[in-house]
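Participant:
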Amino acid sequence: MVKHILFLLVISSICCAKQNVYEQNCLSCHKELAVKIDKFFYRYLLKYSSEAEVKKAMMAYLKNPKKDTSILQDGLIQRFGVKKKTTLTDEKLKESIDIYWETYTVFGRLK
């Protein structure tokens, strides 16, 4: 019986380990929202243009979310509210933002 429990624990920890910090901490909540997470990316890109500026703005917002620094339209802020402050370390937050950028960027993919 103990072997079965240990086996299940090992298997479940392996499955969880395969999820990256972005999947664990961002997608887990955003997949439940009516507005998909890629739409946020495109709004950031329209407003900030470059990779460095998008990442800088996202980092600042996620560390200290405010209505006036949000890229959401007023109607969406009224509906969903302002996001809670992240609990991720700066290192994990940067890693998440990097994965997010690589997932949705169009630079270098257009022909």
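With the first letter of the sequence shown counted as 1, position 36 gets the number 47 in this note's numbering; the numbers rise by one all the way through.
All C-beta atoms, glycine included, are put in the ideal place defined by N, C-alpha and C.
In this text, all values refer to a predicted model and were calculated from it rather than measured experimentally.
Look at the alpha carbon of Val65 and the alpha carbon of Tyr55, and state the distance between them as a whole number of angstroms.
Facilitator: Against the sequence shown, residue 65 aligns to sequence position 54. Against the sequence shown, residue 55 aligns to sequence position 44. Cα-Cα distance, rounded: 6 Å.
Participant: Under 8 Å, Cβ to Cβ, is there at least one residue of chain D near Ala68?
Facilitator: The chain inventory of the structure shown lacks chain D, comprising one protein chain alone.
Participant: With distances taken between CB atoms, is the gap from Met70 to Leu104 smaller than 8 Å?
Facilitator: Reading the sequence shown from its first residue, position 59 is the one you call residue 70. Reading the sequence shown from its first residue, position 93 is the one you call residue 104. For the 8 Å CB-CB criterion, Met70 and Leu104 form a contact.
Participant: Nearest-angstrom Cα distance between Asp79 and Asn31?
Facilitator: Looking up residue 79 in the sequence shown gives position 68. Looking up residue 31 in the sequence shown gives position 20. Approximately 30 Å between the Cα atoms of the pair.
Participant: Would you report the Cα separation of Lys47 and His41, rounded to the nearest angstrom?
Facilitator: By one-based count along the sequence shown, residue 47 stands at place 36. By one-based count along the sequence shown, residue 41 stands at place 30. Going from the Cα of Lys47 to the Cα of His41 covers about 7 Å.
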